[in-house]
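A short worksheet on the structure shown next.
Chains as they are written, first to last, in my numbering: chain A, 4 to 138; chain B, 4 to 138.
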């Protein structure tokens with residue numbers, strides 16, 4: 004894991020949920036959408052195909068784990084998964100709970116309006132529910 | 004693979020590139036972006052976490068293979084990967100070549116304007132280049 008440093012933009016926009024075997028798991032500070040970000044702790048990786056196959060096999064399980072937990076905790080109708088990297092190139096996977104009628108439905112959340120930060124209690128409550136589900 | 008039927012919306016919007024071990028690989032008929040769609044040939048699957056772990060390990064390798072080939076053939080600056088399913092619930096992964104200055108840059112392609120269909124020669128040329136790269 005040597006050399007990994009979380010991109011400052013990702014650090015500024017999120018709160019830490021946990022470090023898993025490969026990924027740092029972050030909660031996006033945007034109360035419009037329950038939204039996790041998984042960042043593989045590898046330096047210099049921008050594309051999924053830049054990771055090694057063993058890392059990819061761990062990553063896909065971690066994304067699936069985040070997806071299942073987020074759906075269970077929020078009751079969302081659909082989970083959206085994305086790895087774009089047009090603005091922040093460091094490889095990171097978004098896992099977002101979506102529902103008909105949410106701010107961006109049925110479009111994508113990326114680039115849609117501005118974030119609405121959580122209050123500390125709401126943020127900590129969601130982090131606690133996710134942590135309990137994932138235990 | 005019994006019971007798998009490609010969603011008619013995906014069939015209507017794409018041309019067939021190949022069937023890989025797990026996924027049907029399709030070229031989106033939108034000349035604004037070089038854009039592949041991978042659909043695991045499993046019935047009744049909407050979320051990544053609905054697939055079994057063995058299927059997931061194959062899927063992530065197939066997505067990486069599509070990503071590397073698309074980047075090599077197009078010379079794109081960045082590959083975008085997404086699985087949304089807000090409109091078509093059947094699990095499918097988008098793999099999209101992106102460049103600064105393309106129609107939607109740096110935003111996501113999903114829901115951005117209307118598709119600009121290929122002419123037959125341009126579509127077949129891209130399919131041939133991708134097929135050669137993947138051989």
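For every residue, glycine included, the Cβ atom is placed at its ideal position computed from N, Cα and C.
Who are the near neighbours of residue i in its chain, counting only those whose CB is closer than 6 Å to its CB and skipping five residues on each side?
| i | result |
| --- | --- |
| residue 46 of chain A | 6, 7 |
| residue 120 of chain A | 32 |
| residue 107 of chain A | 115 |
| residue 99 of chain A | 36, 38, 83, 112 |
| residue 118 of chain A | 33 |
Which bits of chain B does residue i rub up against, with CB to CB less than 7 Å?
| i | result |
| --- | --- |
| residue 101 of chain A | 89 |
| residue 82 of chain A | 50 |
| residue 56 of chain A | 64 |
| residue 67 of chain A | 51, 52, 59 |
Looking at the secondary structure, which residues open and close the alpha helix (DSSP H) in which residue i lies?
| i | result |
| --- | --- |
| residue 129 of chain B | 123 to 137 |
| residue 35 of chain B | Premise fails: residue 35 of chain B is in no alpha helix (DSSP H) and is neither H nor E. |
| residue 16 of chain A | 11 to 16 |
| residue 59 of chain A | 56 to 77 |
Listing by chain order, which chain A residues have their CB less than 7 Å from the CB of residue i?
| i | result |
| --- | --- |
| residue 43 of chain B | None at all; the shortest Cβ gap to chain A is about 12 Å. |
Take residue i and list the residues in its own chain whose beta-carbon comes closer than 7 Å to its own, dropping the five residues that flank it on each side.
| i | result |
| --- | --- |
| residue 43 of chain A | 25, 26, 54, 58, 62, 94 |
| residue 75 of chain B | 136 |
| residue 66 of chain B | 41, 84, 96, 98 |
| residue 103 of chain A | 80 |
| residue 87 of chain A | 113 |
| residue 10 of chain B | 91, 93 |
| residue 48 of chain B | 54, 94 |
Taking only the alpha-carbon atoms, compute the straight-line gap between residue i and residue j and give it to the nearest angstrom.
| i | j | result |
| --- | --- | --- |
| residue 2 of chain A | residue 78 of chain B | This structure does not reach residue 2 of chain A, given that chain A is present from 4 up to 138, and the question cannot be answered. |
| residue 71 of chain B | residue 127 of chain A | 39 Å |
| residue 50 of chain B | residue 81 of chain A | 8 Å |
| residue 73 of chain A | residue 23 of chain A | 16 Å |
| residue 28 of chain A | residue 123 of chain B | 44 Å |
| residue 125 of chain A | residue 16 of chain A | 16 Å |
| residue 101 of chain B | residue 138 of chain B | 23 Å |
| residue 69 of chain A | residue 68 of chain B | 24 Å |
Identify the contact partners of residue i in chain A, using a Cβ-Cβ distance below 8 Å as the criterion.
| i | result |
| --- | --- |
| residue 85 of chain B | 83, 84, 85, 86, 87, 111 |
| residue 70 of chain B | 50, 51, 52 |
Return the chain-ordered list of same chain residues with a C-beta closer than 8 Å to the C-beta of residue i, the five sequence neighbours on each side being excluded.
| i | result |
| --- | --- |
| residue 130 of chain A | 18, 20, 30 |
| residue 90 of chain B | 12 |
| residue 105 of chain B | 35, 36 |
Since residue i meets chain A, which of its residues come closer than 9 Å, beta carbon to beta carbon?
| i | result |
| --- | --- |
| residue 106 of chain B | Those do not exist, as residue 106 of chain B stays about 13 Å from chain A at its closest Cβ, beyond 9 Å. |
| residue 135 of chain B | By Cβ distance, chain A contributes nothing, its closest Cβ being about 18 Å from residue 135 of chain B, past 9 Å. |
Under 8 Å Cβ-Cβ, which residues of chain B neighbour residue i?
| i | result |
| --- | --- |
| residue 37 of chain A | Near residue 37 of chain A there are no residues of chain B at all, since even the closest Cβ is about 15 Å away, more than 8 Å. |
In terms of residue numbering, what span does the beta strand (DSSP E) encompassing residue i cover?
| i | result |
| --- | --- |
| residue 98 of chain B | 96 to 101 |
| residue 85 of chain A | 81 to 86 |
Review point. Taking any Cβ of chain B, which residues in the region 108 to 125 of chain A have a Cβ under 7 Å from it, in chain order?
Key: Of all residues in the region 108 to 125 of chain A, the ones placed with a Cβ closer than 7 Å to any Cβ belonging to chain B are 108, 109, 110, 111, 113, 114, in chain order.
Review point. Can you list, in chain order, the residues of the region 11 to 27 of chain A whose Cβ is nearer than 8 Å to any Cβ on chain B?
Key: Within the region 11 to 27 of chain A, no residue has its Cβ closer than 8 Å to any Cβ of chain B.
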